[in-house]
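Contents: one structure, followed by commentary.
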Amino acid sequence: MNVIGTRTLLKKEVRRFLRVPGQTVLQPLISTTLYFVVFGFTLGGRQGDVNGIPYVTYIVPGLVFLGVANNAFLNSSSSFFITKIQGTIVDLLVAPLGPTELLLGFVLGAMVRGLLVGLLTWVAALVFTGPHLVHVASTVLFLALSAWVFAVLGLVAGIWAEKFEQINFFPTFLMLPLTFLGGVFYSVHALPEPFRTISLVNPVVHMVEGLRAGMLGLDEGAPLGLALLGTLALAATAVAHRMLATGYRMKS
Amino acid sequence: MEPVLEVVGLSKNYAKQAALEAVNLSISPGEIFALLGPNGAGKTTLIGAVCGLVKKTSGSIRLLGIDLEVDPISPRRDVGLVPQEINFDPFFTVRESLELQLGYFGRPADPARIDELLEALALSTKADQPTRALSGGMKRRLLIAKALVHRPRLVFLDEPTAGVDVELRRDLWSYVRKLRAGGTTVVLTTHYLEEAEELADRVGIIDKGRLLLVEEKGALMKRLGERRLEVHFRAPVATLPPAAAAGSLSADGLTFVFVERAGAPACADVLGALYAASLPVADVNMTPAKLEDVLLRVLRSGNGSA
């Protein structure tokens, strides 16, 4: 294991997004906060409580999740894709960095960005709702696993994509519908059938509910969310590792 | 001494096209080896297969004594590559790029080494500039610095001086010689045949994926190089001495041309014969053998015997 190499790649990934904080941290923080203000206060004001929790507080875990998932995904996908496009992938391929080192460097770097945006979103929410953190360990576990899963999925997308159009495919056609229909702004249990059952197929629903269980203490199925996240993490990591090991779309 | 690189039966096929055909090559420690050939001959593919950028179709590669099939990662700690295509990460400065590259190779921070390379490659004044602010030649030099920063035992220079001005090119040649003196093995591809002629101990010629020839440069030049002797006379000459019979006399009897090839008489012997015969020599012109001519002859004949 090339520990210095992995640490260097991680450091490079973090420095890279910190060089453009307006684009990588502030912009997502502002959009998520706007969701919070618009959905939580303007529209949500008429919503009343959900499961005994004020609506504006109810949506905080979902918005934190949204910030973590989107930014972890975007960081690894865009960083890896740009590394391929600008040719600096050669620097990594000729170095003694195996698939594990490459995976850890890119994924941990993306997790740092995702968790940083998630943390800042939560801090921004505190101003409006006050602190709500019932189960710290469970919350941290859900956030870390969500960041890992979406960072790995971003890496898979970055390895797979060969054109700018393809790199936007996942966020637009997959991430956006799954997160918006994933119970970030509402409880899927309040939906009429068959929409409730259909929604339960969406893995994001269980991730958001797991985080809600951790942050707000709501019993919305944390064990199922954890199992789902764990399975997704293992499957996505296996796919990404295989792609890196075989040099898929990196080596001719 | 064990070769630093040993390639046996290496082939690479793209769709239906063969980029490398059963290439065998052995590189000894401490030598400068020039791999020459036209565009698309397979030079970069061969280097790419060794450096982990290209997936081979068949054959074996032993790098620094380790079979890449068994361990493709650890031998890379001691290998450097200057790629043909310029690449740079616009997010980082010149110094940061070198720090990162050193780290990727598992080496701890070494500011003295980075300063030494920046100095050697005339990049000291640009150390804290973003890489996007560098000129094309400077970017090329940064690639060279990146390839050397971890003190590799074997370095591949794929067109290292393309776009670099004459003065810096010569400085770079001195630096390559210094590397060799320090025990580094260098594999070089270049379109400047003068560069190969200046630096190489051995030369390999590749075309259409086949390695046509590998030979010590001096022996190759002797075997396939052609030296041209041109003699001008003050007055027309009618007959030549027997020792100069291999040359040709112009119709007006004023110019004599002789081409020295392996096995033929030497230019010095022919010229001596002209003087011995008391012919009215006015001027003598000698054109030394050129690697460029050797390369063209080998490529035209399609084999190493030319």
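As they're listed, the protein sequences go chains A and B.
Everything in the first sequence is counted per my numbering, starting at 1036 for the first residue and increasing by one.
Everything in the second sequence is counted per my numbering, starting at 2 for the first residue and increasing by one.
We put the CB at the ideal spot given by N, CA and C, even for glycine.
- Think of a sphere of 9 Å around the beta carbon of A/K1286: the chain B residues whose beta carbon falls inside it are G49, G53, L54, V55, K56, in chain order.
- In this chain, the alpha helix (DSSP H) harbouring A/Y1093 covers 1090 to 1093.
- When secondary structure is reduced to three states using DSSP, A/H1167 falls in the coil class, being assigned neither helix nor strand.
- Taking a Cβ-Cβ cut-off of 7 Å, the neighbours of B/G107 in chain A comprise N1037, I1039, G1040, P1131, given in sequence order.
- The C-beta of B/R77 comes closer than 8 Å to at least one C-beta of chain A.
- In the structure shown, the three-state DSSP call for B/I28 is strand.
- Interface residue (Cβ-Cβ distance to chain A less than 8 Å): B/N88 is classified as such.
- Only residues of its own chain outside the window of five on either side were considered, and among them L37, L194, I206 have a CB closer than 7 Å to the CB of B/L296, listed in chain order.
- Under the 8 Å Cβ criterion, the stretch 261 to 274 of chain B counts as touching the stretch 219 to 236 of chain B, having at least three qualifying pairs.
- It is roughly 8 Å from the alpha-carbon of B/V156 to the alpha-carbon of B/D79.
- If you look at B/E3, you'll find it isn't in any beta strand (DSSP E); DSSP assigns it neither H nor E.
- Using a Cβ-Cβ cut-off of 8 Å, A/D1126 counts as an interface residue toward chain B, since at least one Cβ of chain B sits closer than that to its own.
- Identification of chain B residues near A/G1260 by a Cβ-Cβ cut-off of 9 Å yields none; the smallest Cβ-Cβ distance measures about 36 Å.
- Taking a Cβ-Cβ cut-off of 7 Å, the neighbours of A/G1282 in chain B comprise K56, given in sequence order.
- Proximity of A/L1044 to chain B, defined by a Cβ-Cβ separation below 8 Å, is satisfied.
- Membership of B/S61 in the beta strand (DSSP E) is indicated by the continuous run 59 to 64.
- Under the rule that a run must span 3 or more residues, the beta strand (DSSP E) segments found entirely inside the stretch 171 to 244 of chain B read 186 to 190, 203 to 208, 211 to 217, 228 to 234.
- For the set A/L1137, A/L1127, A/V1072, the Cα lying nearest the Cα of B/L99 is the one of A/L1127.
- Assignment of beta strand (DSSP E) within the stretch 1142 to 1204 of chain A, counting only whole runs of 3 or more residues, yields no such run.
- Look at the stretch 1106 to 1127 of chain A: the residues with a C-beta under 7 Å from a C-beta of chain B are Q1121, G1122, T1123, V1125, D1126, L1127.
- Residue range 80 to 83 is occupied by the beta strand (DSSP E) that includes B/G81.
- A residue is called buried once 16 or more other Cβ atoms fall within 10 Å of its Cβ, and B/D208 is buried on that count.
- For B/K147, the nearest beta carbon of chain A is closer than 8 Å to its own beta carbon.
- Annotation: the continuous beta strand (DSSP E) that includes B/A35 extends over 33 to 37.
- Within the model, the alpha-carbon separation for B/V177 versus B/V187 is close to 8 Å.
- Listed along the chain, the chain A residues whose CB falls inside 7 Å of the CB of B/I74 are P1131, G1133.
- Remark: C-beta atoms of B/G183 and B/D294 do not approach each other more closely than 8 Å.
- Taking the beta carbon of A/R1054 as reference, the chain B residues within 8 Å of it are F92, listed in sequence order.
- Between A/L1161 and A/V1060 the beta-carbon gap is near 17 Å, outside 8 Å, which marks them as no contact.
- In this structure, A/A1107 and A/G1189 form a Cβ contact; the two beta carbons are roughly 6 Å apart against a cut-off of 8 Å.
- Our two residues, B/A267 and B/M287, have alpha carbons roughly 12 Å apart in a direct line.
- Comparing alpha-carbon positions, the option among B/D68, B/G107, B/A121 lying closest to B/A113 turns out to be B/A121.
- Taking every protein chain shown into account, the CB of B/Q102 has 16 or more other CB atoms within 10 angstroms, so this residue is buried.
- Secondary structure at A/Y1283: coil, using DSSP grouped into helix, strand and coil.
- At least one CB atom of chain B sits nearer than 8 Å to the CB of A/R1051.
- DSSP lists B/N14 as the bridge partner or partners of B/A19.
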